[in-house]
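So the structure is just underneath, and the comments pick up after that.
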Amino acid sequence: MNRNEAVSYLKDLLSQCNGMSPNAVSFEQKGGMNSEGYVIHIRGRIEASERQVVRNVAQKYSFQVKDNSDGVVVYKPI
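If you want the working numbering, it's the 1-based position in the sequence shown plus 14.
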């Protein structure tokens with residue numbers, strides 16, 4: 015995803031997940047994971063309801079979500 019897509023996704027996500035701390039969310043420019051551009055990391059314990067919102071918003075933007083030990087990673091597949 016490009017920077018504008020990442021920012022739009024984060025704004026959409028944080029407007030729907032009131033309890034999610036903006037400090038738990040970061041994005042970095044990175045390849046790998048069959049992704050392009052930026053990858054969004056949401057760290058920490060994520061409630062099941064918030065995890066579903068993460069997935070729903072990602073689907074809206076045609077992004078993929080991958081669980082990892084720190085939380086979840088949102089990326090745009092190549």
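Glycine included, each C-beta is placed from N, C-alpha and C at the ideal position.
Report back the beta-carbon spacing between I56 and A38 to the nearest angstrom; my notes put them in contact at under 8 Å.
6 Å
Taking Cβ positions, are V86 and V67 nearer each other than 7 Å?
no
Strictly by DSSP, which residues pair up with P36?
Per DSSP, none; premise fails for P36.
Please classify I54 as buried or exposed, where buried requires at least 16 neighbouring CB atoms within 10 angstroms.
buried
Three-way DSSP call (helix, strand, coil) for Y23 in this model
helix
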